[in-house]
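Same order as they appear, the protein sequences are chains A and B. Heads up, the first sequence is in the numbering used here, so the first residue is 240 and it goes up one at a time. Heads up, the second sequence is in the numbering used here, so the first residue is 17 and it goes up one at a time. Inspection log for the structure reproduced underneath, given as structure tokens.
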Amino acid sequence: MAPVRGVPIGKLIAAVIVLTIVSSVIMLIPDWNGEQGSTAAPKIDTLLDVMIVLSSFVFSIVMVMLVYSLWRWRVRPGDEGDGAPIHGNTRLEIAWTVIPTVIVLVGAIYSWIVLSDIEAHDPDRMVVDVYGQQYTWHFNYPEEGVTSRELHVPIDRQVEFRLHSLDVIHSFWVPEWRIKKDAVPGITTHAFVTPDETGDYTLVCTELCGYGHATMRAPVKVEDSQGVFDQWAQTQEPIPESEPKPGETTPKQLRQ
Amino acid sequence: MAGVTAALFRRPGWWRALTYTILAGAFGLALVVVLRKISGLPTFQTEQTGYPQVIVPAITAPLGFLVGIGCFDYWLRWAVGAPTFPKEREHENHGAFTWRDYFKVNTDHKVIGIQYICTTFLFFFIGGAMAMVMRAELAQPGTQIVDPSLFNGLFSTHAAIMIFVFVIPAFSGIANYVLPLMIGAPDMAFPRLNALSYWMLPIAGVLFVASFLCPGGAFDAGWTGYAPLSTGAPLGQSFFNLGVQFAGASSIATALNFLVTIVTMRAPGMNFWRLPLLVWANLSTSLLVVAATPFIAGVQFMVLFDRALHTNFFQSAFGGDVISYQHIFWFYSHPAVYIMMLPGFGIISEVISTHSRKPIFGYRLMALALIGIVVLSYSVWAHHMFVAGMFSWLRVPMMITTLLIAVPTGIKIFSWLGTLFYGKIHLRSTSMLFALGFVTTFTIGGISGVMLGMIPIDIHVSDTYFVVAHIHFVLFGGSVFTIFAGIYHWFPKMTGRMYDERLGRVHFWLTLVGMLGTFIPMHWIGMEGMPRRVADYSATFGDWNLAISVCAFVLGAAQLIFLYNMIVSWRFGPKAGPNPWRAKTIEWQVSSPPPVFNFDEIPRVVGGPYEFGVPGARHVIMPGEEAEVKEPERAGVGAPS
């Protein structure tokens, strides 16, 4: 491309492309999100990777323009004159309004598609009632009629978590599943996960819930099959009568 | 004896403030005791959330302080029909002639600006020290230095102090000083209201810090104070609820003052397309403050009422709605991030234009982008609640508006870069270094903001260290960098002296490197699974956290260089001329520091504010300058239209 008023546009574009590739590669090598443990994880990670490349591109444009202008137009010592009196360029201004608008709208549509994909409901899903309480979790399995302090689920079957809180807001997050949802006193919220890797994970509370927040964890195990899960379920305690049923949780204030 | 009585009860000042604070506090306490006696209740109530015997005095004592220090003297005299001040005493509290005048109620916008800046930086160092303690605790997994309860109190007060009594009022301070000068006004529209705004601010900061003395410790539900954690929290939470009222009232009054000043007090010829972008930025910010801040004031009162009066706004067991807290809170607190950023955009425009000796690229689009951000920022609040369990249909529209707000923000970044092109860029001023550093760090913060705006990514990283990284990139790499740029830029104007550029450069580079080292790795540990607001964490994140803490200490230490530079240069720096940066805007056309009433005669504005390199173009004709200077041809930005 021809230089515009002494600016080597072609070289700058080349620099942006090179910098984009270099920074994308650096940013994509490490496995930032960690292990993938659910069907949602690869979809979210792909969206993130696309965003990393796109962000590297935007960041490279800004950096190349910034560094180039500092290198090219840094004033020589003793020069107290003024720069070129350019007040703007309508075409350029329209371009950097319209192009980013299109990019973010495409990003929004892509995100929307991923969102509806990861939140699609499977009619054959199993249901687990999750109860958060300062500073513990417990899990009721209504189909099996048992309760546990550990979360066990079979592989390759969608689980609907009905989240309940008995006191303040907690948040249900298994990083390997990529899914998070708050457990809110007074209402039942829902999270949908299809685990597709067996293994031991940790359920992390991610909403500040008091002094024990940092240690509010529960062990999570994805079992090899439905059969193994059923066997495990039989060894668990039955749900006590006093347990509030979903939808009728009566939060009590702990710190009165 | 008469002299002592006068000092304690009649003459406005610190002695009377002390007396009135004690009297008003005692009155509040007596009111509670008497009312409870009459009602047959035990005299003192020490339920964790109650403590009316503390809360009521915590409201009355600050009001007593404001009356005692002298904020209301003129108005009270006027209201009761008493003689106000004789003509020769009318400007008694205007302007600073000794250092003591900075500790009195003063109606001079320049004095108030400096009062604001010094007070907010005091709180900056208090909040920063808290961050240092937190990073010391987080350097290793496990609990070493502070227990989890104190840790929760530390990050909550750190955020409350930095947001409510540092970033927001620091911008008010800078704008207070330069904005009336920039538009050619002798002062703000309501100088006495301006003084009241300032004096409410330290009250908020003192309430936040004083909460550490409460039984149960400081407020520890985060600066977001989500119900029902906050409604059930110990007494310290009430100090947050009240502190926010004073900070909020202060900011609303200031915003009204800016709006009226900008609309009615521009010098002749200063039409809207000739306003410096700093003025545009504060105009937009003020529009946000007056409409949004009442929401946080309201919601903190609702929490206070739930705590002290047993209302049930957020008690789900009694029909309250927990999530509505978040909706009201974020309806303020998302616009608040623009309240904390738009004035900085204004500062950066001034600095970059001046130091590249070029007009701002796309001036009108820059101003319109500010207005675009104001409009959009009211429609994005629920992106803080994608995983909160709100109605799921609200998420996608909020995602679209959130991503769209990146467009006007991008326009500003590109226009600053366009301003650099074909310029003559001076890097001699630390303010320019901070401005360019800001362009870099804020771009990173903006990009991670777009990622967070995408619902699927947000579902994963919400409430993790990724969010901590993002807010510090936009609030530290964004707001605080612009505050530093502004302080360095106008330091010669405010003090009449130059600061030490060598120390300034050391401050900048250590701050930039420390900042990147501290906050970049936080993205990664957040994605990998470290939640925010935790005193303890899984040992797998230990190495990164140690590295982050080391960088954080470098960052903290660098601020001491800034403090030393400012104090020593204010006292001993070489004299600065009226216009060391050779800028075009009006504040640089008067002496440094400017005279008490700014201008002997109001200047006349004849062109745009950034006409660098335009032959014959002028922004302003100062009184006494040659009258034959003609208005330039109707061309380019700033021409009347």
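Glycine included, C-beta positions come from ideal geometry on N, C-alpha and C.
Below 7 angstroms on C-beta distance, what does Gly378/B contact in chain A? Looking up residue 378/B in the second sequence gives position 362. Near Gly378/B (Cβ distances below 7 angstroms), the residues of chain A are Gly327 and Glu332.
What separation, rounded to the nearest whole angstrom, lies between the Cα atoms of Phe450/B and Val396/B? Residue 450/B sits at position 434 when you count from the first residue of the second sequence. Residue 396/B sits at position 380 when you count from the first residue of the second sequence. Going from the Cα of Phe450/B to the Cα of Val396/B covers about 29 angstroms.
Once the 5 residues before and after Phe400/A are set aside, which same chain residues still bring their CB inside 6 angstroms of it? Reading the first sequence from its first residue, position 161 is the one you call residue 400/A. Taking C-beta separations shorter than 6 angstroms and ignoring five residues to either side along the sequence, the partners of Phe400/A in its chain run Val367, Val369 and Ala430, following chain order.
Mind checking whether Val338/B and Gly425/A have CB atoms under 9 angstroms apart? Residue mapping note: residue 338/B aligns to position 322 of the second sequence, counting from 1. Residue mapping note: residue 425/A aligns to position 186 of the first sequence, counting from 1. Yes.
Looking only at its chain, what residues have a beta carbon closer than 8 angstroms to the beta carbon of Gln495/A, apart from the 5 residues adjacent to it on each side? For the purposes of this step, residue 495/A is identified with residue 256 of the first sequence, where counting begins at 1. Residue confidence for Gln495/A is low, a pLDDT of 32 falling below 50, so the modelled location carries little weight and cannot support an answer.
CB contact check: Gly3/B to chain A, cutoff 9 angstroms: No statement about residue 3/B is possible, as the shown extent of chain B runs from 17 to 657 and does not include it.
Please state the DSSP three-state secondary structure of Gly654/B. Here residue 654/B refers to the residue found at position 638 of the second sequence. Note that Gly654/B scores 47 on pLDDT, short of 50, meaning its location in the model is unreliable and no value can be drawn from it.
Applying the criterion that 16 or more other CB atoms from any shown protein chain within 10 Å of the CB defines a buried residue, is Leu217/B buried or exposed? In the second sequence, the residue the question calls residue 217/B occupies position 201. Buried, since its Cβ has 16 or more Cβ neighbours within 10 Å.
Taking the alpha helix (DSSP H) that Pro359/B falls in, what are its first and last residues? Taking the second sequence and counting its residues from 1, one reaches residue 359/B at position 343. Unbroken alpha helix (DSSP H) run through Pro359/B: Leu358 to Ser372.
Stretch pair the segment 206–216 of chain B + the segment 227–234 of chain B: three plus CB contacts closer than 8 angstroms: Judged by Cβ distances under 8 angstroms, the segment 206–216 of chain B makes no contact with the segment 227–234 of chain B, as fewer than three pairs qualify.
Per-residue burial, His350/B [other beta carbons within 10 Å of its own, 16 or more giving buried]: Position 334 of the second sequence, counting from 1, holds the residue named residue 350/B. His350/B is classed as buried because its beta carbon has at least 16 other beta carbons within 10 Å across all chains shown.
Residue ranges of each beta strand (DSSP E) run of no fewer than 3 residues wholly in the segment 343–407 of chain A, ordered along the chain? Secondary structure remark: continuous beta strand (DSSP E) runs of at least 3 residues inside the segment 343–407 of chain A, in chain order: 365–372, 375–380, 385–387, 390–393 and 398–404.
Of the residues that make up the segment 526–541 of chain B, which ones have a beta carbon closer than 7 angstroms to any beta carbon in chain A? Cβ contacts with chain A come from Trp540.
Just how far apart, CA to CA, sit Ala23/B and Lys591/B? On the second sequence, position 7 is the one that residue 23/B refers to. On the second sequence, position 575 is the one that residue 591/B refers to. If you take the alpha carbons of Ala23/B and Lys591/B, they lie about 38 angstroms apart.
Please name the residue or residues paired with Phe431/A in a DSSP beta bridge. Position 192 of the first sequence holds residue 431/A. Phe431/A is bridged to Glu399/A.
Tell me the DSSP secondary structure of Glu462/A in three-state form. The residue given as residue 462/A occupies position 223 in the first sequence. Looking at Glu462/A - three-state DSSP - the assignment turns out to be strand.
What is the residue span of the alpha helix (DSSP H) that Lys600/B lies within? Indexing the second sequence from 1 puts residue 600/B at position 584. Per DSSP, Lys600/B belongs to no alpha helix (DSSP H) and is neither H nor E.
Name the residue from Val496/B, Ala555/B and Phe578/B whose alpha carbon lies nearest to the alpha carbon of Glu517/B. Along the second sequence, one-based indexing puts residue 517/B at 501. That would be Phe578/B, whose Cα lies nearest to the Cα of Glu517/B.
Using a 10 Å radius around the Cβ and a threshold of 16 neighbouring Cβ atoms, would you call Val264/A buried or exposed? Translated into positions along the first sequence, residue 264/A becomes position 25. Val264/A counts as exposed, since fewer than 16 other beta carbons sit within 10 angstroms of its beta carbon.
Return yes when the C-beta of Ser263/A is under 8 angstroms from any heavy atom of the ligand HEM, and no when it is not. Of the ligands one can find in the structure shown there are none, so the ligand HEM has no counterpart to examine.
Decide if Gly378/B is buried, meaning its Cβ has at least 16 other Cβ atoms within 10 Å, or exposed. Taking the first residue of the second sequence as 1, we reach residue 378/B at position 362. It is buried - the Cβ of Gly378/B has at least 16 other Cβ atoms within 10 Å.
Hey, quick one: how far does the beta strand (DSSP E) through Cys189/A stretch, first residue to last? Given that chain A is displayed from residue 240 to residue 495, the structure contains no residue 189/A and the question cannot be resolved.
Taking the alpha helix (DSSP H) that His486/B belongs to, which residues open and close that run? Numbered from its first residue, the second sequence carries residue 486/B at position 470. Unbroken alpha helix (DSSP H) run through His486/B: Tyr481 to Val490.
If you scan the segment 172–220 of chain B from start to end, which runs of the alpha helix (DSSP H) of 4 or more residues do you find wholly inside it? Taken in chain order, the unbroken stretches of alpha helix (DSSP H) that lie wholly in the segment 172–220 of chain B and span 4 residues or more are 184–198.
Residue burial classification, Gln253/B (beta-carbon count within 10 angstroms, cutoff 16): The sequence position of residue 253/B within the second sequence is 237, counting from 1. Flag for Gln253/B reads buried.
Report all residues from its chain with a CB closer than 6 angstroms to the CB of Ile499/B; omit the five preceding and five following residues, and keep chain order. Position 483 of the second sequence, counted from the start, is the residue given in the question as residue 499/B. Result list for Ile499/B: Ala186, in chain order.
Beta-carbon of Arg650/B versus every beta-carbon of chain A: anything under 9 angstroms? Taking the second sequence and counting its residues from 1, the one referred to as residue 650/B is at position 634. Model confidence at Arg650/B stands at a pLDDT of 47, short of 50, so the residue's coordinates are unreliable; what they give is reported in the following sentence. Not an interface residue.
For a contact meaning CB atoms closer than 7 angstroms, what does Arg549/B contact in chain A? For the purposes of this step, residue 549/B is taken as residue 533 along the second sequence, with counting starting at 1. Correct list: Leu447 and His452.
Along the chain, where does the alpha helix (DSSP H) that runs through His505/B open and close? The residue labelled residue 505/B in the question sits at position 489 within the second sequence. For His505/B, the enclosing alpha helix (DSSP H) stretches over residues Phe497 to Thr511.
Could you name the residues of chain A that Met178/B contacts, counting a contact when the two beta carbons are closer than 7 angstroms? Along the second sequence, one-based indexing puts residue 178/B at 162. Per Cβ cutoff of 7 angstroms: no residues; Met178/B is ~17 angstroms from chain A at best.
Does any residue of chain A bring its CB to less than 9 angstroms from the CB of Val412/B? Start at 1 with the first residue of the second sequence, and residue 412/B comes out as number 396. Between Val412/B and chain A, the shortest Cβ-Cβ separation is below 9 angstroms.
Using the beta-carbon of each residue, which ones in chain A are nearer than 7 angstroms to Lys440/B? For the purposes of this step, residue 440/B is taken as residue 424 along the second sequence, with counting starting at 1. Contact note: Lys440/B reaches chain A through Trp312, Val314, Asp318, Gly320, Asp321 and Gly322, using a C-beta cutoff of 7 angstroms and chain order.
Reduced DSSP secondary structure (H/G/I, E/B, other) of Asp321/A: To locate residue 321/A, count along the first sequence from 1; it is residue 82. The three-state secondary structure of Asp321/A, taken from DSSP, is coil.
Would Gly405/B pass as a contact of Pro414/A if the rule is Cβ separation under 9 angstroms? Taking the first residue of the second sequence as 1, we reach residue 405/B at position 389. Taking the first residue of the first sequence as 1, we reach residue 414/A at position 175. Going by C-beta atoms, Gly405/B is not nearer than 9 angstroms to Pro414/A.
Reference Asp288/A, options Val257/A, Ser299/A, Val303/A and Asn272/A, closest by Cα: What you label residue 288/A is simply residue 49 of the first sequence in a count that begins at 1. Cα-wise, what sits closest to Asp288/A is Asn272/A.
Residue-level contact to chain A via CB, Lys374/B, 9 angstroms cutoff: Residue numbering aside, residue 374/B sits at position 358 when the second sequence is read from its first letter. So, interface residue.
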